[in-house]
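These notes concern the structure reproduced below.
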Amino acid sequence: MGINKAVTLTGLSLVGTGKDNYTVSAPSNLTGTILKGWVEIGISNTNQVYGKTNRVVATALNLNVPGLGVRTNYWGTNGTVYGPSSNGPVNAGSYGVEVVVEDNSQTYEGTNRAVLTIGKKSAVITAGSDTIRAGTVFSGTRYTGSGFLDGDTITGTLVTHLRSVSNTNVLVGYSTTNNQ
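Numbering-wise, the sequence shown is residues 10 to 189 according to the numbering used here.
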């Protein structure tokens, strides 16, 4: 690779009916710029769902050359704060991704960018029905959850208002501090 590299043209020939009437020659002082070979990088798996582990994109190169690899960097976009880092992000949000070819022989180059979107995981909290009689205690913990990951806990207490059945909003929450 480089600028002003000597170039030699050999094997020139003519074709056609008058080819024997000509002599082909090339100048001997030719120079040229030799560039690295360009490698196309495909990026996939860019839409994922939160799962408590690092989320990474999948990459594919259009060449299979020994010593050819990639370096991937992630950073937050659209209000998501993260990186830059070579580790895939964990939390829900939008992340820029840049994949760059790393070549031990310094013969190839390539780069590509994409956006990794990690969506929030869906979960449901369902309140159990209960009957409250005068003089009894209301159990505010009769609820179940589904769609949560191992180790996640539901916190909070159901509340009710005697004489008011119009409020059916469940007052149980799930921690969003981990952007889940």
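Note that the Cβ used here is the ideal one computed from N, Cα and C, for glycine as well. Values in this document were obtained by computation on a predicted structure and should not be read as measured data.
For Arg64, collect the residues of the same chain with a Cβ closer than 8 Å to its Cβ; drop the 5 residues on either side in sequence, then sort them by chain order.
Gln57, Gly97, Pro98, Val99, Leu125, Ile127
Confirm, please, whether the CB-CB distance from Ile43 to Gly85 is below 8 Å.
no
Just list the beta strand (DSSP E) runs in the region 135-167, keeping only unbroken ones of 3 residues or longer that don't cross its boundaries, in chain order.
The qualifying runs are 152-155.
Residues of its chain near Glu111, where Cβ-Cβ distance is below 8 Å and the 5 sequence neighbours each way are ignored:
Leu77, Gly78, Val79, Arg80.
Cβ of Arg64 less than 8 Å from any chain C Cβ?
Here there is only one protein chain, and chain C is not present.
Compute the minimum distance between the beta carbon of Asn113 and the heavy atoms of the ligand PLP, and state whether it is under 7 Å.
Within the structure as shown, the ligand PLP is missing, as the structure has no ligands at all.
Measuring straight from C-alpha to C-alpha, what distance separates Asn6 and Ser22?
What is shown of the chain runs 10 to 189, which leaves residue 6 out entirely.
May I have the straight-line CA-CA distance separating Pro93 from Ile50, to the nearest angstrom?
20 Å
Beta strand (DSSP E) containing Ser53: first to last residue?
50-53
From Leu167 to Arg142, what does the alpha carbon distance come to, in whole angstroms?
Using only the alpha carbons, I get a separation of about 16 Å.
Reduced DSSP secondary structure (H/G/I, E/B, other) of Tyr104:
Tyr104: strand per DSSP, three-state reduction.
Which residues in the same chain have their Cβ closer than 6 Å to the Cβ of Leu39, if we skip the five residues on either side of it in sequence?
Val16
Rounded Cβ spacing between Gly156 and Lys129 (contact assumed at less than 8 Å):
In fact, because the Cβ distance is near 11 Å, the residues do not count as touching under 8 Å.
Thinking just about the alpha-carbon of each residue, which of Val109, Gly88, Val108 is nearest to the one in Gly102?
Gly88
Identify which residue in Gly41, Ser53, Tyr31, Leu72 has its Cα closest to the Cα of Lys14.
Gly41
Is DSSP giving Ser13 helix, strand or coil here?
Looking at the sequence provided, one finds Asn at residue 13 rather than Ser. Of the three classes helix, strand and coil, the one that applies to Asn13 here is strand, per DSSP.
With a Cβ-Cβ cutoff of 8 Å, do Ile223 and Val106 count as a contact?
This structure leaves residue 223 out entirely; the chain is present only between 10 and 189.
Per the DSSP calculation, Tyr2 is bridged to which residue(s)?
Since the displayed the chain opens at 10 and closes at 189, residue 2 lies outside it and no answer follows.
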